[in-house]
Amino acid sequence: MAGQSNVVKTDYFSNFASKVISGVNDYEVIDNYMFATNSSSGSGSVTLWVSLNRGKFQQAQIPTASPNTDTSGIKYSLSMERVLYFSQNTTSAWLRRNTDFSVVDLHKVMGLRGVYIASQLTPGQVGHRHIMTQITFNKGGLWQPVAAPELDNNGKPLNCSLANRCSLHLSQKFGQYYPRDHYSPIKSWSEAPGIIMATGTLWYELELNDGIFLSSDAGMSWHMILQRPFWWYNLGDHGGVFIAVPRNSLTNLI
1 MAGQSNVVKT DYFSNFASKV ISGVNDYEVI DNYMFATNSS SGSGSVTLWV SLNRGKFQQA
61 QIPTASPNTD TSGIKYSLSM ERVLYFSQNT TSAWLRRNTD FSVVDLHKVM GLRGVYIASQ
121 LTPGQVGHRH IMTQITFNKG GLWQPVAAPE LDNNGKPLNC SLANRCSLHL SQKFGQYYPR
181 DHYSPIKSWS EAPGIIMATG TLWYELELND GIFLSSDAGM SWHMILQRPF WWYNLGDHGG
241 VFIAVPRNSL TNLI
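Numbering of the sequence shown is given in UniProt numbering, commencing with residue 1 and proceeding in unit increments.
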């Protein structure tokens with residue numbers, strides 16, 4: 001929702017609307033929760049308001065002194081720092097030309113609860129940092145690097161292990177909009193729980209991508225299935241069929 005608005009509600013069979021919250025910049029309903037944000041005049045800060053089960057909006061506590069969150073949606077604790085975020089207001093001209101909305105490089109694995117994949121920036125100055133991939137299997141309680149496959153698609157050892165600080169890094173929205181690359185983003189499906197397809201690279205950070213990777217266990221283990229990164233990919237038959245098509249050339253091969 002652009003600009004500031006009022007959120008109103010009506011009861012069934014009633015013609016009268018009552019105001020729920022005013023001065024709202026953004027508003028969203030997710031399951032039993034309603035989220036709204038508004039800005040403080042002059043300070044530039046943004047406040048998050050949360051309503052559970054259509055109750056009264058309450059201001060979110062970010063960060064909270066307690067490391068534990070609750071189901072009210074009010075109390076939050078830090079899960080991971082330096083998650084890649086870009087928007088029209090804070091990034092360079094090339095990104096404003098290629099996208100007209102804000103994006104956080106965070107993928108929810110569809111069909112399962114609590115599994116997320118995030119792009120994290122290394123510490124350092126803006127413009128000199130690199131992108132790494134982290135995964136959580138418990139709703140952000142613990143984040144860890146993504147384990148690389150043992151073999152490539154030709155059966156040759158990749159020699160990339162977490163013990164040697166080598167892991168798999170996956171391209172998300174940033175790679176999709178970056179004009180030099182335009183990689184296909186991570187895909188997962190609610191009709192095929194646990195299956196993930198992604199463009200990625202090995203070693204210490206996300207660089208020029210090595211190929212296409214597949215996981216059938218929600219990201220616990222991965223297989224390299226194609227070595228060229230520029231493919232469109234999808235699945236059918238609830239994961240019984242995988243499809244990949246070259247992106248940059250005419251083809252009669254699927």
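Beta carbons are placed, not taken as given, at the ideal position from N, Cα and C, and that holds for glycine.
Proximal residues to residue i (C-beta, below 6 Å), its chain only, five neighbours per side dropped
{"i": "Phe57", "result": "Ile21, Trp49, Ser51"}
{"i": "residue 273", "result": "The structure shown does not extend to residue 273, since the chain is modelled only from 1 through 254, so no value can be given for it."}
{"i": "Asn6", "result": "Lys19, Ser22"}
{"i": "Val146", "result": "Thr133, Ile135, Ser167, Leu168"}
{"i": "Ala36", "result": "Ile21, Val24, Tyr27, Trp49"}
{"i": "Phe213", "result": "Ala198, Gly200, Trp222, Met224"}
{"i": "Arg129", "result": "Leu121, Thr122"}
{"i": "Thr10", "result": "Ala17"}
{"i": "Met34", "result": "Ser51"}
Nearest-angstrom Cβ-Cβ length linking residue i and residue j, presumed shorter than 8 Å
{"i": "Gly114", "j": "Phe137", "result": "6 Å"}
{"i": "Ala198", "j": "Leu170", "result": "4 Å"}
{"i": "Ile243", "j": "Asn234", "result": "5 Å"}
{"i": "Asn15", "j": "Asn32", "result": "About 26 Å; that fails the 8 Å criterion."}
{"i": "Val83", "j": "Leu112", "result": "No, Val83 and Leu112 are not in contact; Cβ-Cβ is about 20 Å, not under 8 Å."}
{"i": "Met110", "j": "Ser188", "result": "4 Å"}
{"i": "Ser79", "j": "Gly140", "result": "4 Å"}
{"i": "Gln227", "j": "Asn153", "result": "6 Å"}
Cβ neighbours of residue i in the same chain (closer than 7 Å, five flanking residues each side left out)
{"i": "Leu202", "result": "Ala148, Leu158, Cys160, Cys166, Leu168, Asp210"}
{"i": "Asp217", "result": "Gly194"}
{"i": "Leu142", "result": "Thr136"}
{"i": "Lys108", "result": "Tyr116"}
{"i": "Val103", "result": "Phe86, Lys173"}
{"i": "Gln144", "result": "Gln134, Ile135"}
{"i": "Gln61", "result": "Ile74, Lys75, Tyr76"}
{"i": "Ser190", "result": "Met110, Gly111"}
{"i": "Ile186", "result": "His107, Ile117, Leu170, Gln172, Ile196, Ala198"}
{"i": "Gly236", "result": "Ile243"}
{"i": "Leu162", "result": "Pro145, Ala147"}
{"i": "Ser72", "result": "Leu52"}
{"i": "His238", "result": "Glu191, Ala192"}
{"i": "Glu150", "result": "Pro157, Leu158"}
Residues sharing a beta bridge with residue i, DSSP
{"i": "His169", "result": "Thr201"}
{"i": "Phe35", "result": "Glu28, Val50"}
{"i": "residue 304", "result": "Since the first residue shown for the chain is 1 and the last is 254, residue 304 is missing from the structure and cannot be characterised."}
{"i": "Asn234", "result": "Ile243"}
{"i": "Thr10", "result": "Ala17"}
{"i": "Val83", "result": "Gln120"}
{"i": "Val109", "result": "None, per the DSSP bridge assignment."}
{"i": "Ala192", "result": "Trp189"}
{"i": "Ser5", "result": "Val24"}
{"i": "Lys75", "result": "Gln61"}
{"i": "Val103", "result": "Phe86"}
Residues near residue i by beta carbon distance below 8 Å, same chain, minus five either side
{"i": "Met1", "result": "Summary for Met1: the model assigns pLDDT 42, below 50, so the residue's position carries little reliability; its value from the coordinates is reported in the next sentence. Only Val24, Asn25, Asp26, Tyr27 meet the Cβ criterion."}
{"i": "Val8", "result": "Ala17, Ser18, Lys19, Val20"}
{"i": "Gly219", "result": "Val109, Val115, Ile117, Ile135, Phe137, Val146, Ile196"}
With a floor of 3 residues, list each beta strand (DSSP E) that falls wholly inside the segment 120 to 156, ordered by position along the chain. 131 to 136, 143 to 145
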